[in-house]
Amino acid sequence: MEQKKREEMDERFMKEAVKQAKKAYAIGEVPIGCVIVYEGKIIARGYNRRTIDKNTLAHAELQAIRKASRKMDDWRLEDCTMYVTLEPCQMCSGALVQSRMKRVVVGCMNPKAGCAGSVLNILQMPEFNHQVELTTGVLEEVCSGLMKTFFRELREKGQKR
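Numbering (my numbering), first residue to last: 271 to 431.
In structure tokens, the structure reads:
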């Protein structure tokens with residue numbers, strides 16, 4: 271029963287991450303969104319803003335980590351879980367390890383640049399002083415569908431991202 275409860279909670283919070291991804295989509299950004307949860311409540315939200323902000327660091331995960339750290343009044347997010355629609359890149363995976371995030375739940379994987387199991391798994395490298403618990407494939411079709419639709423529309427417009 272505990273496993274079923276966890277799966278339901280994962281789906282509920284991933285739906286909130288998808289809402290954030292849709293905000294990115296609406297402003298022409300790659301639709302990546304995330305939320306950070308502490309004690310069953312969302313304490314931070316983020317969505318991709320790289321192009322709008324003209325900033326390499328404006329990834330959804332980093333936006334949310336910054337907000338969560340402010341909310342927790344600490345850089346350590348040891349009892350927090352991040353729900354993110356796309357597998358984190360090397361920069362975001364490194365930030366997740368550095369923040370001491372307890373757990374990361376991923377919607378869909380990123381075989382070209384993902385660092386939570388696809389290209390590398392920075393989150394669980396035993397060489398680091400912290401490893402992050404990882405769950406993948408939560409609402410995978412929804413998350414993947416958003417990405418596929420976004421890039422198909424971009425190709426139809428003849429744009430690159």
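Virtual Cβ for every residue (Gly too), placed ideally from N, Cα, C.
No experiment lies behind these values; they were computed from the predicted model shown.
Residue i classed as buried or exposed, judged by whether at least 16 other C-beta atoms fall within 10 angstroms
i: Gln-429; result: exposed
i: Pro-396; result: exposed
i: Phe-439; result: With the chain running from 271 to 431 in the structure shown, residue 439 is simply not present.
i: Asp-349; result: exposed
i: Phe-420; result: buried
i: Glu-278; result: exposed
i: Gly-310; result: exposed
i: Gln-290; result: buried
Short Cβ contact (8 Å threshold) for residue i with residue j
i: Ile-322; j: Ser-363; result: no
i: Val-412; j: Val-288; result: yes
i: Leu-404; j: Val-374; result: yes
i: Gly-303; j: Thr-355; result: yes
i: Lys-341; j: Gly-316; result: no
i: Met-371; j: Met-352; result: yes
i: Leu-424; j: Lys-285; result: no
Closest residue to residue i among the options (Cα-Cα distance)
i: Ala-328; options: Glu-348, Ile-335, Arg-336 and Arg-319; result: Arg-319
i: Met-361; options: Asp-344, Leu-332, Lys-382 and Gly-387; result: Leu-332
i: Ala-386; options: Phe-398, Val-300 and Thr-406; result: Thr-406
i: Lys-293; options: Gly-310, Ala-330 and Ile-312; result: Ala-330
i: Pro-358; options: Asp-343, Glu-272 and Val-376; result: Val-376
i: Ile-313; options: Asp-343, Ile-297 and Gly-298; result: Asp-343
i: Met-417; options: Ala-334, Ala-296, Asn-399 and Lys-311; result: Ala-296
i: Leu-347; options: Glu-272, Lys-324, Gln-394 and Val-402; result: Val-402
i: Phe-398; options: Glu-272, Pro-381, Ser-369 and Arg-422; result: Ser-369
Other residues of its chain near residue i: CB distance less than 7 Å, five sequence neighbours each side excluded
i: Val-389; result: Ala-383
i: Val-300; result: Ala-294, Asn-318, Phe-420 and Arg-431
i: Ala-365; result: Glu-331, Leu-332 and Ile-335
Neighbourhood of residue i by C-beta, 8 Å cutoff - its chain only, sequence neighbours within 5 removed
i: Gly-298; result: Thr-321 and Ile-322
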